[in-house]
Amino acid sequence: MDVQSVTAPSGAQTFKTRAQQTGFAKVDEGGAIGAKETPTFTRIAYAVEKYAGYFSATNELLEDTDANIVGTLINWIGGESRVTHNKLILNAVKTIGTEENWTGIDDLKKTLNVTLDRAFLPFTSIITNQDGLQYLDTLKDSDGRYLLTPDVQNPTQYRLFGYPVKVLGNATLASEAGNIPFIVGDLKSAVRLFVRKGLTVTSTNVGMDAFEKDLTIWRAIERLDCKVIDAQAVVRGKIAQG
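The numbering used here puts the first residue of the sequence shown at 307, with every later residue one more than the last.
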């Protein structure tokens with residue numbers, strides 16, 4: 307995913323549309339040189355919206371516990387922000403093309419080998435959910451070796467056919483009607499997250515009803531939009547659960 311800070315609540319940005327280049331034509335000596343296609347551009351409009359929530363804790367809890375309640379709460383708020391971003395990105399991706407019905411791993415390989423433009427492959431990843439991880443983690447080749455392998459540089463991450471596999475929780479990217487979702491391609495080229503105001507957290511012990519109820523309240527706000535900028539950069543597929 308590409309992140310772009312913007313200074314206005316709405317507007318438009320220009321992007322070059324990826325197209326197949328065909329190379330120069332042969333020209334005889336003294337012959338006329340023909341015109342070639344120039345890059346084409348498209349305008350993407352955005353309009354940020356506000357996303358927010360508040361969180362409260364009793365002052366007795368903050369005073370009487372030896373746990374780092376404030377630090378835990380701030381981490382929780384950061385997690386809420388990540389979930390918000392993920393939802394916006396996934397909602398944008400779901401508007402790209404039609405989700406293809408794959409019968410198995412060979413269709414995923416065809417997506418990597420044929421469907422995606424090779425310009426995207428250096429930045430391509432395979433995104434799925436926990437059901438997808440379970441499906442991929444049980445696949446073996448003809449010699450009984452598992453296809454999904456740990457990343458050498460980060461053993462907690464996985465690779466399939468050399469491409470990184472990113473796993474989202476089932477609650478974030480759900481399997482629907484017994485079908486496991488896959489998003490394959492260059493997500494950074496596919497969508498852009500427009501950020502007018504990043505996550506800000508403000509606390510008070512006198513605002514709202516905090517004074518009356520002896521609370522501390524934290525308010526979190528961010529202003530965002532997410533748009534598809536290159537629909538050719540990813541392919542969506544689904545595989546039926548066995």
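The beta carbon of each residue, even a glycine, is placed where N, CA and C say it ideally should be.
CB contact check: residue i to chain C, cutoff 9 Å
{"i": "Ala331", "result": "The displayed structure is made up of one protein chain only, and chain C is not part of it."}
Residues that DSSP places opposite residue i in a beta bridge
{"i": "Val376", "result": "DSSP, once it has assigned bridges, lists no residue as partnering Val376."}
{"i": "Trp524", "result": "Phe361 and Ser509"}
{"i": "Trp382", "result": "Answer is none; Trp382 lacks a bridge partner."}
{"i": "Asp531", "result": "Phe500"}
{"i": "Lys356", "result": "Arg529"}
{"i": "Asn397", "result": "DSSP output for Asn397 lists no bridge partner at all."}
{"i": "Lys322", "result": "Phe347"}
{"i": "Glu406", "result": "Gly543"}
{"i": "Ile339", "result": "None; Ile339 has no bridge partner."}
{"i": "Ile277", "result": "In the structure displayed, the chain extends from 307 to 548; residue 277 sits before or after that span and is not available."}
Alpha-carbon to alpha-carbon, residue j and residue i
{"i": "Ile433", "j": "Ala496", "result": "13 Å"}
{"i": "Arg465", "j": "Gly317", "result": "38 Å"}
{"i": "Val471", "j": "Leu479", "result": "14 Å"}
{"i": "Thr444", "j": "Lys356", "result": "42 Å"}
{"i": "Gly340", "j": "Thr417", "result": "35 Å"}
{"i": "Lys494", "j": "Lys400", "result": "15 Å"}
{"i": "Ile535", "j": "Arg388", "result": "21 Å"}
{"i": "Asp413", "j": "Arg498", "result": "27 Å"}
{"i": "Gly491", "j": "Phe429", "result": "7 Å"}
{"i": "Val512", "j": "Pro461", "result": "48 Å"}
{"i": "Thr421", "j": "Ile411", "result": "14 Å"}
{"i": "Ala331", "j": "Glu405", "result": "38 Å"}
{"i": "Phe488", "j": "Thr371", "result": "44 Å"}
{"i": "Asp566", "j": "Gln538", "result": "Nothing about residue 566 can be reported from this structure: the residues present for the chain run from 307 to 548 only."}
{"i": "Phe293", "j": "Glu369", "result": "Residue numbering for the chain in the displayed model covers 307 to 548; residue 293 lies beyond these limits and cannot be assessed."}
{"i": "Asp447", "j": "Lys415", "result": "14 Å"}
{"i": "Asp449", "j": "Gln463", "result": "23 Å"}
{"i": "Asn374", "j": "Met514", "result": "24 Å"}
Residue i versus the options, residue with shortest Cα-Cα distance
{"i": "Ile545", "options": "Trp408, Thr371, Asn397 and Glu386", "result": "Trp408"}
{"i": "Leu505", "options": "Gly384, Asn511 and Leu414", "result": "Gly384"}
{"i": "Arg529", "options": "Ser509, Asp515, Asp308 and Pro315", "result": "Pro315"}
{"i": "Gly484", "options": "Val473, Gln463, Tyr469 and Gly438", "result": "Gly438"}
{"i": "Phe361", "options": "Asp536, Trp524 and Leu396", "result": "Trp524"}
{"i": "Leu442", "options": "Lys332, Asp308, Gly548 and Gln310", "result": "Gly548"}
{"i": "Asp531", "options": "Glu335, Thr510, Leu396 and Glu366", "result": "Leu396"}
{"i": "Thr390", "options": "Ala358, Phe467 and Tyr469", "result": "Ala358"}
{"i": "Asp520", "options": "Pro456, Leu367 and Asn392", "result": "Leu367"}
{"i": "Phe347", "options": "Thr455, Thr323 and Ser509", "result": "Thr323"}
{"i": "Leu468", "options": "Leu454, Lys393 and Asn476", "result": "What sits at residue 468 in the sequence shown is Gly, not Leu. Comparing Cα positions, the closest option is Leu454."}
{"i": "Glu518", "options": "Gly410, Tyr452, Thr364 and Leu422", "result": "Thr364"}
{"i": "Gln440", "options": "Val458, Ile402 and Ser481", "result": "Ser481"}
{"i": "Val540", "options": "Gln463, Ile402 and Ala526", "result": "Ile402"}
{"i": "Phe321", "options": "Asp308, Gln327, Asn392 and Asp447", "result": "Asp308"}
{"i": "Val507", "options": "Ala425, Asp515 and Ala526", "result": "Ala526"}
{"i": "Pro345", "options": "Tyr352, Gly336, Asn381 and Thr328", "result": "Thr328"}
{"i": "Val376", "options": "Ala425, Arg349 and Ser509", "result": "Ser509"}
{"i": "Lys533", "options": "Gly337, Phe500 and Asp515", "result": "Phe500"}
{"i": "Ala353", "options": "Asp457, Lys342, Gln319 and Asn419", "result": "Gln319"}
{"i": "Lys393", "options": "Gln310, Ala477 and Asp334", "result": "Ala477"}
{"i": "Ile350", "options": "Gln310, Ile486, Arg451 and Ala516", "result": "Gln310"}
Whole-angstrom C-beta distance between residue j and residue i, which should lie under 8 Å
{"i": "Val312", "j": "Arg502", "result": "5 Å"}
{"i": "Leu474", "j": "Asn435", "result": "5 Å"}
Quick one: which unbroken beta strand (DSSP E) runs of 3-plus residues sit fully inside the segment 414-450? Chain order, please.
-> Those beta strand (DSSP E) runs which fall completely within the segment 414-450 and span 3+ residues are 431-435.
Alpha helix (DSSP H) segments (min. 4 residues) lying fully within the segment 444-486 | Within the segment 444-486, there are no complete alpha helix (DSSP H) runs of at least 4 residues.
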